[in-house]
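To get our numbering, take the position in the sequence shown, counting from 1, and add 4.
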Amino acid sequence: MKLTPRFDRILPLISLVVLGLMVVFLLESNPDYPLVARISNDLPVISVAWFIIALLVIIISTGADLLAKAHPALEHRELLRLPGPLSKIEIVPLFWVLPSAVVVGSFAFFRLFQETLQGTAFILVLIVCGSLLLGTLVAQHYVLDRDPEVRDKARIGLQAVAYLVAFGMFSAIANAHYRMIFTGILAFSASVPLAYRLLARNVNDHQRPLSLALTVVGVVIAEAAAMLSFWPAPFLIVGTLLTALFYVMMNLLHHAQAGTLNRRIGWELGLVGAVVFVILTATTL
């Protein structure tokens, strides 16, 4: 008998996060919203929304961690332990990445349309974030299934969510028009966790995926984002280009890890990247 996801835990967790996002949007839509601080003209404006989003990330990460550890596949597995006096606490950071990225990415992307779409953007962020969180938590449950076919379908679902979130984050970064160095830092910070999640093969696979994400994916995406910050193109175009580059790099690294990388796959991925770049450039011009 196949073990079904714990919807009695998943749905209340998602409802709490969606309620938190609702509070954030209501605060930001208030014209008298006073809780704002600007450190420098070159840095983002810090508001209370940042702290609420950080709290929501902690909540969804903790919930995803507990859901993963409750799965029978991890009951008798040796998991990562916290250092020092908290060494008895086991954690599964691999299962934190996508749920927390969904919260940040959904909020960062749809708030770009807050002035133009107004209430519609408010409704969209709640629907999209809730739907992506539900799909992510369910897929993370099935990715631990014993059936290889079920695991493969769950991985495909997680990959789709990762690329959607990457597009949202990259578009938000491109729209901010920060200085080149800050654009690169933000793009690096957005791409590394997602790359780590896509490259890791299991819950105990940390060192190699993390090193690849830091030294290869993060650096290349950061440099590309910094260079594209000089290109006067719409932020959706820049976000799509960075997502296409991220997709090509992830597939190259995945095939390299699996030992299936050959000339045909290299040409196919290179062609995909080139076609996307040509189409978007022509559209922009």
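Beta carbons are placed, not taken as given, at the ideal position from N, Cα and C, and that holds for glycine.
Is residue i helix, strand or coil when you go by DSSP?
i     : result
Glu94 : strand
Met5  : Residue confidence for Met5 is low, a pLDDT of 46 falling below 50, so the modelled location carries little weight and cannot support an answer.
Ser51 : strand
Val19 : A small fix is needed here, since residue 19 is Ser in this sequence, not Val. Ser19 falls in the helix class under three-state DSSP.
Ala83 : The question names Ala, yet the displayed sequence has Leu at residue 83. Looking at Leu83 - three-state DSSP - the assignment turns out to be coil, as it is neither helix nor strand.
His75 : coil
Arg10 : coil
Ser33 : coil
In terms of residues, what are the limits of the alpha helix (DSSP H) holding residue i?
i      : result
Val107 : Val101 to Phe114
Ser135 : Gly123 to Tyr146
Short check: CB of residue i to CB of residue j, under 7 Å?
i      : j      : result
Phe114 : Asn179 : no
Ala237 : Ala191 : no
Ala68  : Phe99  : yes
Gly243 : Phe171 : yes
Val295 : Ser104 : As displayed, the chain neither begins before 5 nor continues past 289, which places residue 295 out of reach and without an answer.
Ala248 : Val280 : yes
Leu273 : Val252 : yes
Ser233 : Thr187 : yes
Ala125 : Ala176 : no
Val22  : Ile56  : no
Gly134 : Ile18  : yes
Val106 : Val169 : yes
Leu2   : Arg201 : It is not possible to answer for residue 2, since the shown part of the chain is limited to 5 through 289.
His145 : Pro9   : yes
Phe174 : Leu246 : yes
Glu79  : Ala53  : no
Ala199 : Ala217 : yes
Worksheet item: Does the segment 191-198 come within contact of the segment 216-225, defined as at least 3 CB pairs closer than 8 Å?
Response: yes
Fill in: Complete beta strand (DSSP E) runs within the segment 204-286 (minimum length 3 residues, chain order)
none
Item to complete: Give, in chain order, every unbroken run of the alpha helix (DSSP H) that is at least 4 residues long and sits entirely within the segment 148-188.
Response: 152-180
Worksheet item: Should the segment 132-143 be regarded as contacting the segment 164-183, the criterion being three or more beta carbon pairs within less than 8 Å?
Response: yes
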